[in-house]
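Chemist:
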Amino acid sequence: MTNDKNFYGLLAEFEDPTALCKGAERVRDAGYKNWDCHTPFPVHGLDDCMGVKFTRLPWIVLTMGLIGLATGVWLQWWTNSVDYAYDISGKPVWSLPANVPVIFEVTVLFSAFTAFFAMWGINGLPRWYHPLFRKNSFAKATDDGFFLAIEAKDPNFALGRTGDFLNTIGAKQVEEVREADEPTGLPGNVKAKLWITAGVMLIPIGMVYQTWDSTTTQPRVHIVKDMDKQDRFRAQGETSFFEDGRMSRSQITGTVAEGQFYEDESFVTGKDGDSHIAALPASLTVDEEFLAEGKKNFEIFCGLCHGNTGAGDGPIHERAAMLAAQGEAKWVQPTDLNGVRIVGMEDGKIFDTITNGLNTMPAYGGQIPAQKRWAIIAYMRALQAEYGEEGPSADELAAMTPVERGELVLNQQGCMACHTTNGSPLVGPTFQGYAGSDIKLTTGETVKGDLAYLTESLREPLAKTREGAIPGAMVPFPNITDEQIADLFEYLSTLK
Amino acid sequence: MASSAIPASIDHEDLFPAALVQGDNDLHSVTETVCGVLEAPKPPKAWYPIFGIAVALLGVLGAMIVYLVMTGVGVWGNNQPVAWGWPIVNFVFWVGIGHAGTLISAVLFLFRQDWRTGINRFAEAMTIFAVVCAGMFPAIHVGRIWVIWWVFPVPNQMSMWPNFRSPLLWDVFAVSTYFSVSLLFWYMGLVPDLATVRDRAKTKARRFWYGLFSLGWTGSNRHWHRYERAYLILAALATPLVLSVHSVVSFDFATSQLPGWHTTILPPYFVAGAIFSGFAMVLTLSIPARKMFGLEDLITARHIDNMCKVIMATGMMVGYAYSMEFFMAWYSGNSYEGFAFVNRAFGPYWWGYWIMVSCNVLSPQIFWFKKARKNLLLVFIISLFVNLGMWFERFVIVVTSLNRDFLPSSWHYFSPTWVDVLTLLGSFGLFFTLFMLFCRYLPQVAISEVKNVMPQAHPHLDDH
């Protein structure tokens with residue numbers, strides 16, 4: 003023992019492995035405990051000369067290997083026959099022979115990791131600083147030098163005596179080794195940086211865990227979107243492949259697709275040839291049960307927009323009109339089904355509209371079977387009997403002025419759903435000042451707002467589209483007569 | 004050891020057959036030779052073009068993988084009925100090469116074949132890089148690579164577990180275990196040598212990096228004691244492991260009920276082929292490398308001679324397997340099995356079969372002659388033939404068995420696409436990039452192990 007706290011011990015260099023082994027035997031016999039030899043390769047026989055006790059490493063590896071074996075068995079048994087047992091060709095869910103390869107691999111994995119990490123652990127490595135590294139001569143320990151070091155903390159150690167002893171047992175050279183005066187660990191700031199780095203590295207792991215452990219209403223993040231976006235022809239898509247630029251193809255003339263043949267054609271189209279049928283098909287009997295079915299379906303499909311009485315005031319309208327009033331949406335009020343126009347409409351036309359949709363109204367043909375669509379119409383007629391408007395009679399009309407008749411046409415045909423008479427445009431332009439005005443078309447031409455243009459707009463709205471209008475937003479009104487259009491124009495001419 | 008009194012006409016090796024290290028070497032000169040390579044300010048001139056080409060091919064590989072992942076597995080030639088095309092051929096090819104390293108380190112270590120010390124570091128590095136290349140192929144072959152973690156038993160929100168009764172899952176465990184254990188084995192062997200480099204380091208960067216990875220190794224004998232024990236245990240574990248890995252790979256085929264695959268000879272046949280191809284790759288790499296880096300004294304003619312003998316032996320084993328497959332196909336009386344093998348040799352891929360037989364069975368026969376084993380250029384060329392032949396072996400097994408389905412209407416002649424070809428070339432880029440970096444920055448020969456088998460290393464304690 004020595005009083006110098008920083009004194010580590012003595013380092014002796016020997017000529018060759020033989021000298022080192024002989025020296026080590028003497029040190030062992032002298033009863034030293036805290037000492038070691040340092041060589042560039044494992045010198046065989048030195049363990050005996052030093053009296054190194056056989057390592058307990060194999061037992062640790064054996065233990066961990068058995069734990070690995072048990073883990074391999076348990077992992078496969080629990081996952082494949084308890085937690086998620088699935089039948090493969092009727093084989094038993096737990097069949098050991100098929101599990102042998104994985105059991106073997108897990109056993110080897112556990113054993114090998116243990117052999118590796120336990121070896122370094124028992125050796126006290128990694129330890130990047132050692133007092134012996136302070137001696138330049140010690141660099142030879144990994145090249146061709148053979149060293150023996152006795153630590154000062156050994157109870158037998160005495161500076162002079164131990165030094166002399168080393169010289170007598172064949173040491174080529176003996177050096178004193180001192181610990182560094184300054185602290186040998188990592189500098190404080192490096193340590194702090196390492197801790198901060200380690201902490202920062204936990205953040206992504208934490209984020210992944212947080213995502214994994216929580217629920218969200220957002221769709222999953224897909225990095226590769228090949229399942230979300232696929233190259234294919236969509237019903238309304240555009241393509242350069244076909245001449246007309248449309249992805250969907252129309253049916254080939256003269257063919258009948260599956261499910262397209264009906265004994266009574268008008269039952270599913272509402273048409274007899276090109277004209278709509280006036281009343282319900284003769285095969286249907288309107289009774290209480292039929293009306294009840296109509297009511298149920300009307301309230302499911304129609305009432306939300308048109309209102310349960312058909313007045314065009316359903317909850318969707320209420321909400322949308324409110325948003326429209328705040329300027330957050332554009333909204334056209336749903337048609338009042340009890341209005342004169344609908345009251346006078348053929349059943350077949352209403353059926354056609356329900357089936358194929360019109361303007362913003364979607365098609366319901368795919369959702370409501372034909373029988374129920376007719377039931378809805380029967381129920382609508384019942385509602386109209388309660389709430390419906392009656393138009394003036396032919397005599398009364400004849401007695402009215404053209405301007406009065408024109409205003410009636412305006413209201414009956416539902417023009418005011420898109421247009422106004424007060425100068426503020428809605429979906430379509432206002433009628434105020436329409437007559438005689440200059441109307442700019444999308445083609446760049448200018449036309450006069452006269453009877454001819456009004457007639458054309460009602461008959462073929464796509465022929466000349468006003469600049470700024472959405473093409474097709476204006477629908478054709480084929481049932482309106484030339485007299486009615488003349489009256490309408492008279493009325494519009496009064497709106498200055 | 005070598006003495007100037009010996010006439011030049013006498014072969015040094017014949018005179019001292021036991022000498023594992025040739026030339027006038029002592030302990031220090033071994034350190035100098037090996038460390039000199041990585042301490043030289045610049046690598047040998049030939050290093051640059053090889054590394055450059057390898058990195059360029061690595062870039063090609065990256066581009067191919069990105070293209071594959073963004074587009075889908077359809078960019079390859081795989082299609083029904085040849086759903087396993089080149090990716091699996093390449094996987095088996097690379098994982099086979101990856102067998103020599105651990106075999107040399109572990110099996111030869113257990114058999115006390117001291118000559119292994121000159122080439123084991125080399126072979127282990129090659130193993131790890133080959134397994135990296137191998138592991139890549141099944142991973143990218145799954146198509147949706149971002150859910151590759153489904154192959155591991157990770158608890159997940161779907162409450163699903165992998166099917167442990169599938170040979171493909173055994174493969175996942177076998178190859179990942181093999182990679183992990185090989186890496187540990189390789190790194191453990193490197194630690195004392197990294198300490199040697201650390202102790203010779205002249206620059207701060209070297210001192211830091213080699214110091215960091217040498218874990219503070221002091222060459223303590225108490226440490227050496229446990230180190231050697233751990234090394235022995237690892238070798239004992241790696242030996243059955245190395246045999247299991249290619250057996251498990253062969254189960255991917257052998258457990259399928261497909262004529263040409265469904266045979267019990269496949270596991271030993273695959274293992275022999277793996278050793279065969281692995282040794283060929285060690286020769287392909289070490290013959291130019293020992294010349295380029297001046298390691299002729301450590302990787303000696305004797306090493307090459309021994310490796311040639313191993314190649315000849317394993318080459319005859321695969322030759323035996325090839326003929327036994329035909330015998331069994333005939334002897335079984337199973338007409339489907341018979342058709343599969345006749346089709347293999349004389350069907351649409353007859354050329355693949357005969358390339359395989361010429362390269363693997365015939366070409367190594369020249370090593371019966373000592374002169375051939377001493378002719379480095381010839382050995383190098385034969386090693387290339389073996390590599391080629393072993394790639395074709397996997398091609399023949401995978402493609403010829405699959406392309407003739409049970410239904411003749413689905414028979415299909417498989418052709419690779421340009422993506423297949425460039426991905427294979429790219430995998431060589433990955434392999435050689437890693438290998439050239441290894442040659443430049445790590446000790447290519449296990450310094451402490453070589454010293455250990457030199458005569459100077461043994462203490463003479465007989466007088467006790």
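Chains as they are written, first to last, in the working numbering: chain A, 3 to 498; chain Z, 4 to 467.
Glycine included, every Cβ here is placed at the ideal spot set by N, Cα and C.
Bear in mind that the values here come from a model prediction, so they are computed numbers and not experimental data.
Could you check the C-alpha separation between ARG180(A) and GLY11(A) for me, to the nearest Å?
Modeler: One-based indexing of the first sequence puts residue 180(A) at position 178. One-based indexing of the first sequence puts residue 11(A) at position 9. In a straight line, the C-alpha of ARG180(A) is about 7 angstroms away from that of GLY11(A).
Chemist: I'd like the span of the alpha helix (DSSP H) that includes GLY355(Z), first residue to last.
Modeler: Working through the second sequence from its first residue, we reach residue 355(Z) at position 352. Here the alpha helix (DSSP H) through GLY355(Z) covers 353 to 360.
Chemist: Which of the three DSSP states is assigned to SER223(Z) in this structure?
Modeler: Stepping through the second sequence from its first residue, residue 223(Z) is reached at position 220. Of the three classes helix, strand and coil, the one that applies to SER223(Z) here is strand, per DSSP.
Chemist: Run through DSSP, which three-state label would SER277(A) get?
Modeler: Looking up residue 277(A) in the first sequence gives position 275. Here SER277(A) sits in strand by DSSP.
Chemist: When the Cβ atoms of the region 101 to 109 of chain A are set against those of the region 164 to 172 of chain Z, are three or more pairs found closer than 8 angstroms?
Modeler: yes
Chemist: Got a sec: is the Cβ-Cβ distance from ILE385(Z) to anything in chain A below 8 angstroms?
Modeler: By 1-based counting over the second sequence, the position of residue 385(Z) is 382. Closer than 8 angstroms: no.
Chemist: Starting from GLY11(A), trace the beta strand (DSSP E) in both directions and tell me its first and last residue.
Modeler: Within the first sequence, the letter at position 9 stands for residue 11(A). From DSSP, the beta strand (DSSP E) with GLY11(A) extends over 9 to 16.
Chemist: Taking 8 angstroms as the cut-off, decide whether the C-beta atoms of THR403(A) and LEU497(A) are in contact.
Modeler: On the first sequence, residue 403(A) is found 401 positions in, with the first residue counted as 1. On the first sequence, residue 497(A) is found 495 positions in, with the first residue counted as 1. Against a cut-off of 8 angstroms, the Cβ pair of LEU497(A) and THR403(A) comes out as no contact.
Chemist: With DSSP run on the structure shown, which of helix, strand or coil describes ASN337(Z)?
Modeler: In the second sequence, counting from the first residue as 1, residue 337(Z) sits at position 334. Three-state result, ASN337(Z): coil.
Chemist: Short of 8 angstroms in beta carbon distance, which residues of its chain neighbour ASN323(A), apart from the five on each side in sequence? Order them along the chain.
Modeler: Position 321 of the first sequence holds residue 323(A). For clarity, residue 323(A) is Ala in the given sequence; the question names Asn instead. Only TRP333, GLN335 meet the Cβ criterion.
Chemist: Going straight from the alpha carbon of LEU246(Z) to that of LEU187(Z), what length do you get?
Modeler: Mapped onto the second sequence, residue 246(Z) falls at position 243. Mapped onto the second sequence, residue 187(Z) falls at position 184. Distance between the alpha carbons of LEU246(Z) and LEU187(Z): 18 angstroms.
Chemist: For ALA316(Z), does the three-state DSSP call read helix, strand or coil?
Modeler: Start at 1 with the first residue of the second sequence, and residue 316(Z) comes out as number 313. If DSSP states are grouped into helix, strand and coil, ALA316(Z) belongs with the helices.
Chemist: On a Cα-Cα basis, can you pick out the residue from CYS420(A), THR432(A), ASP183(A), ALA331(A) that is closest to LYS7(A)?
Modeler: In the first sequence, counting from the first residue as 1, residue 7(A) sits at position 5. Comparing Cα positions, the closest option is ASP183(A).
Chemist: Roughly how far, in whole angstroms, is the beta-carbon of ALA26(A) from the beta-carbon of LEU150(A), given that I think they are within contact range, below 8 angstroms?
Modeler: Along the first sequence, read from residue 1 onward, the residue named residue 26(A) stands at position 24. Along the first sequence, read from residue 1 onward, the residue named residue 150(A) stands at position 148. That pair is a contact at about 6 angstroms.
Chemist: Measuring alpha carbon to alpha carbon, tell me which residue in THR255(A), PRO427(A), ASP484(A), LEU204(A) is nearest ALA454(A).
Modeler: One-based indexing of the first sequence puts residue 454(A) at position 452. For ALA454(A), the nearest C-alpha among the options comes from ASP484(A).
Chemist: Give every residue of the same chain whose Cβ lies closer than 8 angstroms to the Cβ of THR199(A), excluding the five residues on either side of it in the sequence, and list them in chain order.
Modeler: Indexing the first sequence from 1 puts residue 199(A) at position 197. Here the set comprises nothing.
Chemist: Run through the DSSP bridge pairs and tell me what LYS442(A) is partnered with.
Modeler: In the first sequence, residue 442(A) corresponds to position 440, counting from 1. LYS442(A) is bridged to THR448(A).
Chemist: Applying the 10 Å Cβ sphere with the 16-neighbour rule, what's the burial state of ILE510(A)?
Modeler: There is simply no residue 510(A) to check, as chain A begins at 3 and stops at 498 in what is shown.
Chemist: Using the Cα positions of GLY355(Z) and TRP97(Z), report the straight-line distance between them to the nearest angstrom.
Modeler: In the second sequence, the residue the question calls residue 355(Z) occupies position 352. In the second sequence, the residue the question calls residue 97(Z) occupies position 94. When rounded, the distance between both Cα atoms is 18 angstroms.
Chemist: For chain Z, check one thing: does any of its Cβ atoms lie closer than 8 angstroms to the Cβ of ALA100(A)?
Modeler: The residue you call residue 100(A) lines up with position 98 of the first sequence. At least one chain Z Cβ lies under 8 angstroms of ALA100(A).
Chemist: If you check the beta carbons only, do PHE132(Z) and PHE438(Z) fall under 8 angstroms apart?
Modeler: As a first step, residue 132(Z) must be located in the second sequence, where it is residue number 129. As a first step, residue 438(Z) must be located in the second sequence, where it is residue number 435. Their beta carbons are under 8 angstroms apart, which means PHE132(Z) touches PHE438(Z) by this criterion.
Chemist: Given that GLU153(A) touches chain Z, what residues does it touch there, using C-beta distances under 8 angstroms?
Modeler: What you label residue 153(A) is simply residue 151 of the first sequence in a count that begins at 1. Ordered by position in chain Z, no residue passes the 8 angstroms Cβ test against GLU153(A), which lies about 12 angstroms from the chain.
Chemist: My output table needs one value for ILE152(A): the three-state DSSP class, helix, strand or coil.
Modeler: In the first sequence, the residue the question calls residue 152(A) occupies position 150. Residue state, collapsed to three classes: strand.
Chemist: Answer yes or no: does any C-beta atom of chain Z fall closer than 8 angstroms to that of ILE225(A)?
Modeler: Translated into positions along the first sequence, residue 225(A) becomes position 223. With 8 angstroms as the cut-off, ILE225(A) counts as an interface residue toward chain Z.
Chemist: Skipping 5 residues on each side, what residues in its chain have a beta carbon closer than 6 angstroms to that of LYS155(A)?
Modeler: The residue given as residue 155(A) occupies position 153 in the first sequence. Counting only Cβ-Cβ distances below 6 angstroms, and skipping sequence neighbours, we find ASN36.
Chemist: Closer than 7 angstroms between beta carbons: that is the criterion. Which residues of the region 333 to 367 of chain Z meet it against chain A?
Modeler: Answer set for the region 333 to 367 of chain Z: empty.
Chemist: Write down every uninterrupted run of the beta strand (DSSP E) in the region 32 to 72 of chain A whose length is 3 residues or greater and which is fully enclosed by it, in chain order.
Modeler: Those beta strand (DSSP E) runs which fall completely within the region 32 to 72 of chain A and span 3+ residues are 37 to 40.
Chemist: Could you work out which residue in PHE269(A), GLU290(A), TYR381(A), PHE43(A) is closest to CYS304(A) when comparing CA atoms only?
Modeler: For the purposes of this step, residue 304(A) is identified with residue 302 of the first sequence, where counting begins at 1. Each of PHE269(A), GLU290(A), TYR381(A), PHE43(A) was checked against the Cα of CYS304(A), and the nearest Cα belongs to TYR381(A).
Chemist: Compile a chain-ordered list of the residues in the region 70 to 94 of chain A whose CB is closer than 8 angstroms to at least one CB of chain Z.
Modeler: Of all residues in the region 70 to 94 of chain A, only LEU77, GLN78, THR81, ASN82, ASP85, TYR86, TYR88, ILE90, LYS93 come within less than 8 angstroms of chain Z when Cβ atoms are compared, listed by chain position.
Chemist: If you run the structure through DSSP and keep just helix, strand and coil, what is GLU391(A)?
Modeler: Counting from one through the first sequence, the residue named residue 391(A) turns up at place 389. Looking at GLU391(A) - three-state DSSP - the assignment turns out to be coil, as it is neither helix nor strand.
Chemist: Skipping 5 residues on each side, what residues in its chain have a beta carbon closer than 6 angstroms to that of SER250(A)?
Modeler: Translated into positions along the first sequence, residue 250(A) becomes position 248. Hits under 6 angstroms: ALA237.
Chemist: Would you mind stating whether ALA475(A) and GLY425(A) have Cβ atoms separated by less than 8 angstroms?
Modeler: For the purposes of this step, residue 475(A) is taken as the residue at position 473 of the first sequence. For the purposes of this step, residue 425(A) is taken as the residue at position 423 of the first sequence. No, the pair does not count as a contact, with Cβ atoms beyond the cut-off.
Chemist: Please classify VAL29(A) as buried or exposed, where buried requires at least 16 neighbouring CB atoms within 10 angstroms.
Modeler: The residue labelled residue 29(A) in the question sits at position 27 within the first sequence. Classification for VAL29(A): buried.
Chemist: For the alpha helix (DSSP H) that contains GLN486(A), what are its first and last residues?
Modeler: Here residue 486(A) corresponds to residue number 484 of the first sequence, with the count starting at 1. 484 to 495 is the span of the alpha helix (DSSP H), which, as asked, contains GLN486(A).
Chemist: Using three-state DSSP, classify ILE9(Z) as helix, strand or coil.
Modeler: Position 6 of the second sequence, counted from the start, is the residue given in the question as residue 9(Z). Annotation note: pLDDT 47 at ILE9(Z) (below 50); position unreliable, no value reported.
Chemist: From the DSSP output, in three-state form, read off GLU177(A) for me.
Modeler: Counting from one through the first sequence, the residue named residue 177(A) turns up at place 175. Strand at GLU177(A).
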